[in-house]
Amino acid sequence: MTIGLPSTDQERQANSIASASALPLSPSQGTELPLSISKLFIQLKSVMSDSQTFHLLLKSSPDELQFVVDWLQCLLLHPSMSENMWSQALKVLIRLSTQSSLYPKTFDLQGGEPTGRSLVDEAPSCYADIEHGFIARRAVCLKVLQKSRKGKPGWKSFIREIVIQGQLKHNNIHPFFGVQHLDDGKFCLISPWAEKGCLVKYLRTHPDANRLLLLRDVVSGLEYIHTKSIIHGDLKPTNILVTLSGRACLADFGLGTVAGILGVELSRYPMLETTGYNGPNSFRFDAPELLLNETTSTAVHRTTASDMYSAGCMFYEVLTEKPPLYEAETPSSLIVQVHGGARPTKPTGADLSRCISKGMTEAVWVNMEACWDRDVEKRPTATEMLSLPFFTTLEDRRPPDPPINPPKRLEVDCSDGSACQQRVKILLDSVLATW
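In structure tokens:
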């Protein structure tokens, strides 16, 4: 069944909404896709770009909304998607998912829940518990949403993490297996258990590890997500996990977003949503434009540039073994120092010699300072950083990581595209007709 184009009246309605939209609706951006799919996607964006029609869409039945969410996920897998179109589709999916509390069902895992579950006391987050368990004798990590937090900011972070990390596949991104519903009514995110722990723990047990090689892993992961217009938003050593072969991988995308996403702003109190082990210390890795926003009513968005500031702070902790701006003992004193233009302090004397032995040459320090520039336009990109000699000359002799055989996910049939499009179109036409 082929999807018909919207009627003239419907096109006028959609174009009227689109004219006030923050999302670009140029049909030329979807010319690589079949025209019917491009038209339908533009219609969905137009509905979501107006608060009234978006509200009407959200009042649809959960089954209808779930179908739209699943259609968007299938769209992201379309072989003809351009990078720009893919980014737009992900933005729309994140917004619809976080507002409806629905995620693509293809991320649900088949089979029973993990066995041998045990709480990991050393790694609680602010809105989820971290547990160790097993699926078919495979050690896994369970990030279990606290039931009392449903509907709170942490719930949206949970959904956002599912949608974003479900799209990623890279050697320096920690794998995401999927979502598991538990017998106690809770549900959790499942990923491989990182035997070597986070970067902080790994460096304690492997003090002679090549730290620049690990940092190159981090920047490589950043380059991958930034080329997809994805922002991590909570980059710090405790959110970096290390594989069996000693490779660093980005994890925890609970504050992740897509550049320019409509309707997603920085939390007024990001430390309440941030995850990892060190709670308020996450402030130390936030860019000045994010920290200073805490004292104003201006909405500020996380960006690839704010990720790069955090990367510079991570360099500092990994190479000096001290947290950035360690002189500030509280978040409030840290904000005061940052407001006054403070940057992480360069070591001197014996401390500097020790840091140099760990890889912090003058060239590395200069690049770290560039990451901390108050002018976000002057901060290096991940691609620019990877091209620097202190990275390009590194020799990597680490063996490949063993293959990961993930648990089976629920199969969502994307083959009958015409039927899917027809159902989504009927719903959108109904919303526009009501409006």
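The sequence shown maps to residues 22 to 456 in the working numbering. The C-beta atom is built at its ideal place from N, Cα and C for all residues, glycine as well.
### Task
Assess, as a yes-or-no matter, whether the segment 87-94 is touched by the segment 120-127 under the definition of 3 or more beta carbon pairs within less than 8 Å.
yes
### Message
Suppose contacts are defined by Cβ-Cβ distances below 8 Å. Is Phe306 in contact with Met335 by that definition?
### Response
For the purposes of this step, residue 306 is identified with residue 285 of the sequence shown, where counting begins at 1. For the purposes of this step, residue 335 is identified with residue 314 of the sequence shown, where counting begins at 1. Yes; because the gap between Cβ atoms is below 8 Å, this pair is in contact.
### Query
Using the rule of at least 16 other Cβ atoms within 10 Å of the residue's Cβ for burial, across every protein chain shown, is Cys441 buried or exposed?
What you label residue 441 is simply residue 420 of the sequence shown in a count that begins at 1. Cys441 comes out buried.
### Task
Taking the CB atoms as reference points, tell me whether His253 and Gly277 lie closer together than 8 Å.
Locating residue 253 in the sequence shown gives position 232, where the first residue counts as 1. Locating residue 277 in the sequence shown gives position 256, where the first residue counts as 1. In this structure, Gly277 lies closer than 8 Å to His253 by Cβ.
### Task
Just the C-alpha distance for Val339 and Pro258, rounded to the nearest angstrom, thanks.
Counted from its first residue, the sequence shown places residue 339 at position 318. Counted from its first residue, the sequence shown places residue 258 at position 237. C-alpha separation (whole angstroms): 8 Å.
### Query
CB Cys162 to CB Trp214, shorter than 8 Å?
The residue you call residue 162 lines up with position 141 of the sequence shown. The residue you call residue 214 lines up with position 193 of the sequence shown. It is a contact, given that the beta carbons lie within the stated cut-off.
### Query
Below 8 Å between beta carbons: does that hold for Pro427 and Phe128?
For this step, residue 427 is matched to residue 406 along the sequence shown. For this step, residue 128 is matched to residue 107 along the sequence shown. The answer is no: Cβ separation not under 8 Å.
### Query
In this structure, does DSSP put Ser266 in helix, strand or coil?
Position 245 of the sequence shown, counted from the first residue, corresponds to residue 266. Here Ser266 sits in coil by DSSP.
#### Entry: Classification of His360 by the beta-carbon crowding that lies within 10 angstroms, buried from 16 upward
Residue 360 sits at position 339 when you count from the first residue of the sequence shown. The residue in question, His360, is exposed, as its Cβ has fewer than 16 Cβ neighbours within 10 Å.
### Message
Tell me the DSSP secondary structure of Ala440 in three-state form.
### Response
Walking along the sequence shown from the start, residue 440 turns up at place 419. It is helical.
### Task
Please classify Gln94: is it buried, with 16 or more other beta-carbons within 10 angstroms of its beta-carbon, or exposed?
Within the sequence shown, the letter at position 73 stands for residue 94. Buried is the call here.
### Query
Taking the C-alpha atoms as reference points, what is the distance between Asp422 and Leu235?
Reading the sequence shown from its first residue, position 401 is the one you call residue 422. Reading the sequence shown from its first residue, position 214 is the one you call residue 235. Going by the C-alpha atoms only, they are around 15 Å apart.
### Query
Going by C-alpha distance, which of Leu355, Thr341, Val433 and Ala149 is nearest Gly370?
Taking the first residue of the sequence shown as position 1, residue 370 is located at position 349. Residue Thr341 is the option with its Cα nearest to Gly370.
### Message
Taking contact to mean 3 or more Cβ pairs, one atom from each stretch, closer than 8 Å, check whether the segment 223-235 and the segment 260-276 are in contact.
### Response
yes
### Task
Rounded to whole angstroms, what's the CA-CA distance from Arg138 to Ile425? Just pull it up for me.
Within the sequence shown, residue 138 is the residue found at index 117, counting from 1. Within the sequence shown, residue 425 is the residue found at index 404, counting from 1. Those two C-alpha atoms are separated by around 21 Å.
### Those runs of the alpha helix (DSSP H) which lie wholly inside the segment 183-268 and span at least 4 residues
220-226 and 232-248
### Ser155 - containing beta strand (DSSP E), residue span
What you label residue 155 is simply residue 134 of the sequence shown in a count that begins at 1. Here residue 155 turns out to be Phe, not Ser, going by the sequence shown. Taken as a continuous stretch (DSSP letters only), the beta strand (DSSP E) holding Phe155 covers Ala149 to Ile156.
### Task
Flag this pair as yes or no: are the beta carbons of Ala326 and Arg400 separated by less than 8 Å?
Taking the first residue of the sequence shown as 1, we reach residue 326 at position 305. Taking the first residue of the sequence shown as 1, we reach residue 400 at position 379. Yes. Within cutoff.
### Task
Would you decide whether Lys164 is buried or exposed? Buried here means 16 or more other CB atoms lie within 10 Å of its CB.
For the purposes of this step, residue 164 is identified with residue 143 of the sequence shown, where counting begins at 1. Buried.
#### Entry: Val161 - containing alpha helix (DSSP H), residue span
Locating residue 161 in the sequence shown gives position 140, where the first residue counts as 1. Premise fails: Val161 lies in the beta strand (DSSP E), Arg159 to Leu166, not in any alpha helix (DSSP H).
### Query
Between the C-alpha atoms of Asn105 and Ser250, what's the straight-line distance to the nearest angstrom?
Translated into positions along the sequence shown, residue 105 becomes position 84. Translated into positions along the sequence shown, residue 250 becomes position 229. Whole-angstrom Cα-Cα distance: 9 Å.
### Query
Since Pro365 and Pro345 are thought to touch, with beta carbons under 8 Å apart, how far apart are those beta carbons, to the nearest angstrom?
Within the sequence shown, the letter at position 344 stands for residue 365. Within the sequence shown, the letter at position 324 stands for residue 345. Contact flag correct, Cβ pair sits at about 4 Å.
### Task
Name, in chain order, the residues that DSSP records as bridge partners for Ser139.
Locating residue 139 in the sequence shown gives position 118, where the first residue counts as 1. For Ser139, which the question treats as bridged, DSSP gives the partners His153.
### Query
What separation, rounded to the nearest whole angstrom, lies between the Cα atoms of Ala308 and Val397?
The sequence position of residue 308 within the sequence shown is 287, counting from 1. The sequence position of residue 397 within the sequence shown is 376, counting from 1. The alpha-carbon atoms of Ala308 and Val397 are separated by roughly 9 Å.
### Query
Is Asn193 near Leu271, with beta carbons less than 8 Å apart?
Your numbering for residue 193 matches position 172 in the sequence shown. Your numbering for residue 271 matches position 250 in the sequence shown. It is a contact, given that the beta carbons lie within the stated cut-off.
### Task
List the residues that DSSP assigns as beta-bridge partners of Val279.
Taking the sequence shown and counting its residues from 1, the one referred to as residue 279 is at position 258. Beta-bridge pairing links Val279 to Ile251.
### Cβ distance (whole Å) where Ala332 is taken to contact Leu256 below 8 Å
Here residue 332 refers to the residue found at position 311 of the sequence shown. Here residue 256 refers to the residue found at position 235 of the sequence shown. That belief holds up - the Cβ atoms of Ala332 and Leu256 are roughly 6 Å apart, short of 8 Å.
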